[in-house]
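Undergrad:
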Amino acid sequence: FSEEKVSGAARLLAGLATFAFISFGLVDIALTDTIGPLIWCRAICCLLLMVPLGLTWTRWGRQHAEWLGGLVCIITGCGVTVLTELTGGPHSPYWTMVMLTFFGVALVLPMARSRAILYFGVVAVFYPLWMLIHDRSLSDAAGVTSTAGIVLALCVSVVAVGYLHYWRLRDVEKTRELVTLNTKLRQEMAERTIAERRQRAMEGQIRESQKIDAVGQLASGMAHELNNVLTTIMCTADMMRTGHNDPNSFDASLARVLRAAERGSKLTTDLLGFARRGSRSRTVFSVNSTITEVVDLLARTHQGRASFELNLDPN
Numbered sequence: 004f005s006e007e008k009v010s011g012a013a014r015l016l017a018g019l020a021t022f023a024f025i026s027f028g029l030v031d032i033a034l035t036d037t038i039g040p041l042i043w044c045r046a047i048c049c050l051l052l053m054v055p056l057g058l059t060w061t062r063w064g065r066q067h068a069e070w071l072g073g074l075v076c077i078i079t080g081c082g083v084t085v086l087t088e089l090t091g092g093p094h095s096p097y098w099t100m101v102m103l104t105f106f107g108v109a110l111v112l113p114m115a116r117s118r119a120i121l122y123f124g125v126v127a128v129f130y131p132l133w134m135l136i137h138d139r140s141l142s143d144a145a146g147v148t149s150t151a152g153i154v155l156a157l158c159v160s161v162v163a164v165g166y167l168h169y170w171r172l173r174d175v176e177k178t179r180e181l182v183t184l185n186t187k188l189r190q191e192m193a194e195r196t197i198a199e200r201r202q203r204a205m206e207g208q209i210r211e212s213q214k215i216d217a218v219g220q221l222a223s224g225m226a227h228e229l230n231n232v233l234t235t236i237m238c239t240a241d242m243m244r245t246g247h248n249d250p251n252s253f254d255a256s257l258a259r260v261l262r263a264a265e266r267g268s269k270l271t272t273d274l275l276g277f278a279r280r281g282s283r284s285r286t287v288f289s290v291n292s293t294i295t296e297v298v299d300l301l302a303r304t305h306q307g308r309a310s311f312e313l314n315l316d317p318n
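Using our numbering, the first residue of the sequence shown is number 4, and each one after it goes up by one.
1. Using the Cα positions of E312 and L184, report the straight-line distance between them to the nearest angstrom.
2. Please work out which residues of its chain come closer than 6 Å, Cβ to Cβ, to G82, disregarding the five sequence neighbours upstream and downstream, and give them in chain order.
3. Exposed or buried, A119, counting other C-beta atoms within 10 Å across all chains shown (16 or more means buried)?
4. Let's see if you can read the secondary structure: which residues bound the alpha helix (DSSP H) around F22?
5. Measuring only the C-alpha atoms, how far is V147 from I153?
6. Would you mind working out which of I78, P93, I136 sits nearest V125, comparing C-alpha positions?
7. Thinking C-alpha only, which one of M225, P131, L135 is nearest A151?
8. I need the boundaries of the alpha helix (DSSP H) containing W60, first residue and last residue.
9. Put F288 into one of helix, strand or coil per three-state DSSP.
10. Looking only at its chain, what residues have a beta carbon closer than 8 Å to the beta carbon of G281, apart from the 5 residues adjacent to it on each side?
11. Check this for me: beta carbons of L89 and L41, under 8 Å apart or not?
12. Which ranges does the alpha helix (DSSP H) cover as unbroken runs of at least 4 residues, wholly within the segment 113 to 158, from first to last along the chain?
13. Between which residues of its own chain and E6 is the CB-CB distance below 8 Å, once the five residues before and five after are set aside?
14. Please tell me whether L52 and F105 are closer than 8 Å, where the distance is taken between their beta carbons.
15. Using a threshold of 8 Å, state whether the C-beta atoms of V161 and R116 are closer than that.
16. Pick from V9, Q213, N314: whose alpha carbon is nearest that of W63?
17. In or out: L58 buried (at least 16 other Cβ within 10 Å) or exposed?
18. Quick one: is the Cβ of G207 within less than 7 Å of any heavy atom of the ligand GDP?
19. With a threshold of 6 Å on Cβ separation, who are the neighbours of F24 within its own chain once the five nearest residues in sequence on each side are excluded?
20. With burial defined as no fewer than 16 other Cβ atoms inside 10 Å of the residue's Cβ, what is the status of V101: buried or exposed?
21. Can you have a look at G224 and say buried or exposed, based on whether 16 or more other CB atoms are within 10 angstroms of its CB?
22. Alpha carbon to alpha carbon, what distance is there between T235 and S310?
23. Would you identify the three-state DSSP class for D299, choosing helix, strand or coil?
24. Whole angstroms are fine: how far does the CA of W60 sit from the CA of D139?
25. Hey, could you find the ends of the alpha helix (DSSP H) F106 is sitting in?
26. Taking a contact to mean a Cβ-Cβ separation below 8 Å, would you say L112 touches A13 in this structure?
27. Of the choices H94, S292, G165, R203, whose alpha-carbon is the least far from that of N348?
28. If you draw a straight line from the alpha carbon of N231 to that of R200, how long is it in whole angstroms?
29. What does the alpha-carbon distance come out to for the pair G18 and L74?
30. Give a yes or no on whether the C-beta atoms belonging to A163 and A127 are separated by under 8 Å.
31. Our contact map puts T87 next to S95 with C-beta atoms below 8 Å; I'd like the distance itself, whole angstroms only.
32. Could you give the DSSP three-state label for E228: helix, strand or coil?
33. In or out: W2 buried (at least 16 other Cβ within 10 Å) or exposed?
Encoded structure:
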């Protein structure tokens, strides 16, 4: 488990134990008349709990947070045992706090079952030894009940620790699987994005290539058409230069030159019209006439490479 999670659990246990030692001091008055030793016991336990609590904020403490949580369990259990002996031994209700200590540690602190047996076992062994050292009988009903209750709490807590540890490990494994799948998904999305960008770039290059090819075809057709116009003008001018005296022939040649010049002018005008799309003015025009002119231009520039068919609505 993560160091932050385990160290947070150890801090929580130390804080709860300190709060319990301080707050339950109000009960001491009802259990005994001599509360001085009880106050000292509680104060010593609170001071001892400050040690693991403070260590959890250090680097070493974060690395060994589970052992610090176990130390909190031992300090709390042994402290409650001393309070139990001071307030009547097995007849005191404080011995039940040992059971609550086991349950609380089992629920809060992530640890393996072997560690739980160690921590809880130290407290469970300390309880009868401390009672016997201070001549507290464990053979009567109260002693048997308290000892059996602590042993039963130990067994239940160890089973609970094993169960919770199993499901915590399952949760960690599922979290790791989700993180792995999320990482793979992000990688696939990034690769797909890169592939889409490359595909769009290739499509753009193909479109640019098609545009360049179309412009080349248009330029080739325009050059061919202008060459035809210039050939007509040059041939007719040469015929006029050789001195045809027939007025009708001269007029016909001049008319041919004018038609060729008009044809060339119309060709360049149409080309400039396509090039200057941003500078057009809004005027009323015939859609059919415009389509016809465009098709005528394309037919001349793509002669022999493309065929056009018009099906225009008269209206």
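Beta carbons are placed, not taken as given, at the ideal position from N, Cα and C, and that holds for glycine.
TA: Quick look at the numbers:
1. Counted from its first residue, the sequence shown places residue 312 at position 309. Counted from its first residue, the sequence shown places residue 184 at position 181. E312 and L184: Cα-Cα distance of roughly 58 Å.
2. By 1-based counting over the sequence shown, the position of residue 82 is 79. These residues qualify, in order along the chain: C48.
3. Taking the sequence shown and counting its residues from 1, the one referred to as residue 119 is at position 116. In summary, A119 is buried, with 16 or more beta-carbon neighbours lying within 10 Å of its beta-carbon over all protein chains present.
4. Numbered from 1 along the sequence shown, position 19 holds the residue referred to as residue 22. That run of the alpha helix (DSSP H) goes 6 to 26.
5. Within the sequence shown, the letter at position 144 stands for residue 147. Within the sequence shown, the letter at position 150 stands for residue 153. For V147 and I153, the distance between alpha carbons rounds to 10 Å.
6. Counting from one through the sequence shown, the residue named residue 125 turns up at place 122. Looking at the Cα atoms, I78 is the closest of the given residues.
7. If you number the sequence shown from 1, residue 151 lands on position 148. Out of M225, P131, L135, P131 has the C-alpha closest to the C-alpha of A151.
8. Taking the first residue of the sequence shown as position 1, residue 60 is located at position 57. Segment: none, W60 is in no alpha helix (DSSP H) and carries neither H nor E.
9. As a working mapping, residue 288 is identified with position 285 in the sequence shown. Coil at F288, not helix or strand.
10. Here the question's residue 281 lines up with position 278 in the sequence shown. Low local confidence applies: a pLDDT of 49 at G281 is under 50, so the model's placement there is unreliable, with the coordinate-based value given in what follows. Excluding the 5 residues flanking it on each side, G281 has no same chain C-beta neighbour closer than 8 Å.
11. What you label residue 89 is simply residue 86 of the sequence shown in a count that begins at 1. What you label residue 41 is simply residue 38 of the sequence shown in a count that begins at 1. Yes, the Cβ-Cβ distance between L89 and L41 is below 8 Å.
12. Taking only runs of at least 4 residues, the alpha helix (DSSP H) segments lying wholly in the segment 113 to 158 are 116 to 136.
13. In the sequence shown, counting from the first residue as 1, residue 6 sits at position 3. Around E6: R65, Q66, A68.
14. By one-based count along the sequence shown, residue 52 stands at place 49. By one-based count along the sequence shown, residue 105 stands at place 102. Not closer than 8 Å, so no.
15. Walking along the sequence shown from the start, residue 161 turns up at place 158. Walking along the sequence shown from the start, residue 116 turns up at place 113. A contact, by the Cβ cut-off of 8 Å.
16. Start at 1 with the first residue of the sequence shown, and residue 63 comes out as number 60. It is V9.
17. As a first step, residue 58 is located in the sequence shown; it is residue number 55 there, counting from the start. By the 10 Å Cβ count, L58 comes out buried.
18. In terms of ligand content, the structure shown is empty, and the ligand GDP therefore cannot be addressed.
19. Taking the first residue of the sequence shown as 1, we reach residue 24 at position 21. Only R45, C48, C49 meet the Cβ criterion.
20. Here residue 101 refers to the residue found at position 98 of the sequence shown. Buried is the call here.
21. On the sequence shown, residue 224 is found 221 positions in, with the first residue counted as 1. By the 10 Å Cβ count, G224 comes out buried.
22. Counting from one through the sequence shown, the residue named residue 310 turns up at place 307. Counting from one through the sequence shown, the residue named residue 235 turns up at place 232. Straight-line Cα distance between these residues: approximately 25 Å.
23. Position 296 of the sequence shown, counted from the start, is the residue given in the question as residue 299. Three-state DSSP puts D299 in a helix.
24. Start at 1 with the first residue of the sequence shown, and residue 139 comes out as number 136. Start at 1 with the first residue of the sequence shown, and residue 60 comes out as number 57. Looking at the sequence provided, one finds Arg at residue 139 rather than Asp. Each residue's alpha carbon lies about 40 Å from the other.
25. As a position in the sequence shown, residue 106 is number 103, starting the count at 1. Note, F106: alpha helix (DSSP H), 98 to 111.
26. As a working note, residue 112 is residue 109 in the sequence shown. As a working note, residue 13 is residue 10 in the sequence shown. Closer than 8 Å, so yes.
27. There is no way to answer for residue 348, as the model of the chain reaches only from 4 to 318.
28. Here residue 231 refers to the residue found at position 228 of the sequence shown. Here residue 200 refers to the residue found at position 197 of the sequence shown. Approximately 46 Å between the Cα atoms of the pair.
29. On the sequence shown, position 15 is the one that residue 18 refers to. On the sequence shown, position 71 is the one that residue 74 refers to. For G18 and L74, the distance between alpha carbons rounds to 13 Å.
30. Position 160 of the sequence shown, counting from 1, holds the residue named residue 163. Position 124 of the sequence shown, counting from 1, holds the residue named residue 127. The answer is no: Cβ separation not under 8 Å.
31. Mapped onto the sequence shown, residue 87 falls at position 84. Mapped onto the sequence shown, residue 95 falls at position 92. Between S95 and T87 the Cβ distance is about 5 Å, and since that is below 8 Å, they are a contact.
32. For the purposes of this step, residue 228 is taken as the residue at position 225 of the sequence shown. If DSSP states are grouped into helix, strand and coil, E228 belongs with the helices.
33. Because the chain spans 4 through 318 in this model, residue 2 falls outside it and cannot be assessed.
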